[in-house]
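Below is one structure; the comments refer to it alone.
In this note's numbering, the protein residues as written are 14 to 156.
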């Protein structure tokens with residue numbers, strides 16, 4: 014039988030655990046900027062916007078793979094130089110989006126099914142947060 018705490022945890026929504034102080038990238042930003050932001054702000058996921066519309070997502074793994082491809086194509090460049098030649102638009106992936114009312118249980122299941130590490134949280138067309146695998150694990154570990 015589940016404890017009262019686990020029932021409460023299962024009923025929580027992503028709005029209760031998501032990150033709302035987001036750093037976003039634009040389509041024409043370079044991977045050098047993304048790398049700098051990841052290192053300075055200790056972030057791993059960036060929503061990509063075209064004006065105010067969400068058009069994709071870039072994460073730490075995307076940046077690493079793109080860095081390796083870029084260096085292979087430009088072996089004479091420094092890693093930072095190679096990153097400066099690639100735009101976010103070239104490496105971003107489609108974002109998976111959920112509403113703020115999505116339960117953390119459903120969010121976790123969606124992440125597992127799709128093999129992804131984060132979900133963008135939307136209020137209609139407006140980006141309101143990001144929930145990562147770490148956010149969900151942190152909440153579930155409080156059981």
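For glycine and all other residues, C-beta sits at the position ideal for the given N, C-alpha and C.
Legend entry - Distance CB(residue 133)-CB(residue 88) smaller than 8 Å: For this step, residue 133 is matched to residue 120 along the chain shown. For this step, residue 88 is matched to residue 75 along the chain shown. The answer is no: Cβ separation not under 8 Å.
Legend entry - Inter-residue Cα distance where the pair is residue 115 and residue 43: Locating residue 115 in the chain shown gives position 102, where the first residue counts as 1. Locating residue 43 in the chain shown gives position 30, where the first residue counts as 1. So the two alpha carbons sit approximately 32 Å from each other.
Inset, instruction - Output yes or no for whether 8 Å exceeds the beta carbon distance between residue 113 and residue 36. - result: For the purposes of this step, residue 113 is taken as the residue at position 100 of the chain shown. For the purposes of this step, residue 36 is taken as the residue at position 23 of the chain shown. It is not a contact, given that the beta carbons lie outside the stated cut-off.
Legend entry - Reference residue 124; option with closest CA among 139, 144, 105, 24: Looking up residue 124 in the chain shown gives position 111. Closest option to residue 124, Cα to Cα, is 144.
Legend entry - Between the CA atoms of residue 71 and residue 83 - distance to the nearest angstrom: As a position in the chain shown, residue 83 is number 70, starting the count at 1. As a position in the chain shown, residue 71 is number 58, starting the count at 1. Distance between the alpha carbons of residue 83 and residue 71 is about 16 Å.
Legend entry - Pair within 8 Å by beta-carbon distance, residue 11 and residue 57: The requested residue 11 does not occur in the structure, where the chain is confined to residues 14 to 156.
Inset, instruction - Assign residue 77 to one of three DSSP states: helix, strand, or coil. - result: The residue you call residue 77 lines up with position 64 of the chain shown. The answer is helix: DSSP assigns residue 77 an H, G or I state.
Inset, instruction - Could you pull out every residue in the same chain whose Cβ sits closer than 8 Å to the Cβ of residue 32, ignoring the five residues on either side in sequence? - result: Locating residue 32 in the chain shown gives position 19, where the first residue counts as 1. Answer for residue 32: 142, 143, 144, 145, 148, listed in chain order.
Inset, instruction - For residue 106, collect the residues of the same chain with a Cβ closer than 7 Å to its Cβ; drop the 5 residues on either side in sequence, then sort them by chain order. - result: Position 93 of the chain shown, counted from the start, is the residue given in the question as residue 106. Here the set comprises 69, 70, 75.
Legend entry - Straight-line gap, residue 154 to residue 126 (C-alpha atoms, nearest Å): Residue numbering aside, residue 154 sits at position 141 when the chain shown is read from its first letter. Residue numbering aside, residue 126 sits at position 113 when the chain shown is read from its first letter. Using only the alpha carbons, I get a separation of about 21 Å.
Legend entry - Range covered by the alpha helix (DSSP H) that runs through residue 44: By 1-based counting over the chain shown, the position of residue 44 is 31. Run containing residue 44: 44-54, per the alpha helix (DSSP H) assignment.
Inset, instruction - Return the first residue and the last residue of the beta strand (DSSP E) that residue 63 is part of. - result: Numbered from its first residue, the chain shown carries residue 63 at position 50. Element bounds for residue 63: 58-63.
Legend entry - CA nearest to the CA of residue 129, picked from 24, 109, 118, 54: By one-based count along the chain shown, residue 129 stands at place 116. Among 24, 109, 118, 54, the Cα nearest to that of residue 129 is on 109.
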